[in-house]
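The structure under discussion appears below in the form of structure tokens.
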Amino acid sequence: KFSDATCVEATCESPSPIDRSDGSHTTDCAGLRKGETCAMFGCTNGFVKTEDLVCKDGVNFNHPRCLEAPCLDPPPVNANATTFVDRCTILAQEKVPIPSRTTCKPNCAPGFKLATGAICLR
-3 KFSDATCVEA
7 TCESPSPIDR
17 SDGSHTTDCA
27 GLRKGETCAM
37 FGCTNGFVKT
47 EDLVCKDGVN
57 FNHPRCLEAP
67 CLDPPPVNAN
77 ATTFVDRCTI
87 LAQEKVPIPS
97 RTTCKPNCAP
107 GFKLATGAIC
117 LR
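What the sequence shown shows, in the working numbering, is residues -3 to 118, in sequence order.
Here's what the structure looks like:
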């Protein structure tokens, strides 16, 4: 005689480590069911997540990343420059964050030349 066979709902195991995350998701998110979001997933200071960490199919998690945070405002213009007339200005006018490591180059005032641009560093 056989014992009764049983099936239980599949859950996602512990997710893999994610570079530049705060790490709490690796232990606190195990056991989620299909479609559930891990509330504990976050990135370290200066980084932002590309998407939430979700148990896709009851077995595997999706693969969000932590990317450098963008600059939300254009760089300030000093007395030797006039305005920024490059990609940074366009993004700022459209209220689009400026990606990290983007160099913004100002128009220099008469009698001045550009030595270095302003780099978005978070």
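Even glycine gets a Cβ: it sits at the ideal position worked out from N, Cα and C.
A quick note: this is a predicted structure, and the numbers were derived from the prediction, not measured.
*Taking T99 as the reference, give the member of S20, C39, P66 with the closest Cα.*
The residue labelled residue 99 in the question sits at position 103 within the sequence shown. For the set S20, C39, P66, the Cα lying nearest the Cα of T99 is the one of P66.
_Which of helix, strand or coil DSSP assigns to C116_ = Here residue 116 refers to the residue found at position 120 of the sequence shown. Correct three-state label for C116: coil.
*Assign C25 to one of three DSSP states: helix, strand, or coil.*
The count along the sequence shown starts at 1 and reaches residue 25 at position 29. Annotated three-state conformation of C25 is coil, per DSSP.
*On the three-pair Cβ rule with 8 Å, is the stretch 25 to 42 touching the stretch 50 to 59?*
These segments touch.
*On a CA-only basis, which of V44, G19, N76, P71 is nearest L87? Give me that one, please.*
Sequence index remark: in the sequence shown, residue 87 carries index 91 (1-based). Comparing Cα positions, the closest option is P71.
*Taking Cβ positions, are K45 and C62 nearer each other than 8 Å?*
For this step, residue 45 is matched to residue 49 along the sequence shown. For this step, residue 62 is matched to residue 66 along the sequence shown. Yes, they are a contact pair.
*Taking the C-alpha atoms as reference points, what is the distance between E9 and D18?*
Indexing the sequence shown from 1 puts residue 9 at position 13. Indexing the sequence shown from 1 puts residue 18 at position 22. Going from the Cα of E9 to the Cα of D18 covers about 18 Å.
*asked:* Which residue wins for smallest C-alpha separation from T155, given the options F57, K109, F(-2)?
replied: Only positions -3 to 118 of the chain appear in this structure, which leaves residue 155 out of reach.
*If you drop the 5 nearest sequence neighbours on each side, which residues of the same chain put their C-beta closer than 7 Å to that of K121?*
The requested residue 121 does not occur in the structure, where the chain is confined to residues -3 to 118.
_Presumed contact (8 Å Cβ cut-off) between R97 and C116, rounded CB distance_ = In the sequence shown, residue 97 corresponds to position 101, counting from 1. In the sequence shown, residue 116 corresponds to position 120, counting from 1. A Cβ-Cβ distance of about 6 Å is found for the pair R97 and C116, placing them in contact under the 8 Å criterion.
*Taking C-alpha atoms, which residue in V55, G113, A77, A114 lies nearest to V4?*
Counted from its first residue, the sequence shown places residue 4 at position 8. Closest by C-alpha distance to V4, out of V55, G113, A77, A114, is V55.
*Within this structure, are the beta carbons of C34 and R16 separated by less than 8 Å?*
Your numbering for residue 34 matches position 38 in the sequence shown. Your numbering for residue 16 matches position 20 in the sequence shown. Cβ atoms of C34 and R16: not closer than 8 Å.
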